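In the working numbering, the protein residues as written are 79 to 154.
For each residue, glycine too, the CB sits at the ideal point set by N, CA and C.
The structure displayed is predicted, hence computed values, not measured ones.
I have placed the structure first, in the form of structure tokens, so that the comments after it can refer back to it.
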Amino acid sequence: MSHGYVPNSFGVGVIVPLVKDKTGNINNVDNYRGITLSPAISKLFEMVVLDMCDDALQTDSLQFGFKNKTGTADAI
Numbered sequence: 079m080s081h082g083y084v085p086n087s088f089g090v091g092v093i094v095p096l097v098k099d100k101t102g103n104i105n106n107v108d109n110y111r112g113i114t115l116s117p118a119i120s121k122l123f124e125m126v127v128l129d130m131c132d133d134a135l136q137t138d139s140l141q142f143g144f145k146n147k148t149g150t151a152d153a154i
């Protein structure tokens, strides 16, 4: 935090393919989605920064995803 930059290694992750529909065709590339596994230290850093900056961060009242104690199900 005191140096004002984030190490490049914090942005490195491993992309893992996940099957969307296990009963579907597993040979079809459209039946997969990728998720990224991030290093635990970068997740910890992200949580610390978010906690420190929480008061300064504001979002629109119509945003439901990626907000504390809300989700996309709240928008329905």
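Residue pairing by DSSP puts isoleucine 93 in a beta bridge opposite Thr114. DSSP, read as helix, strand or coil, puts alanine 151 in helix.
Distance from the CA atom of glycine 91 to the CA atom of threonine 101, rounded to whole angstroms, is 28 Å. Close CB contacts of isoleucine 93 within its chain, under the 6 Å cut and outside five residues either way in sequence, are with Gly112 and Thr114 (chain order).
The three-state secondary structure of lysine 121, taken from DSSP, is helix.
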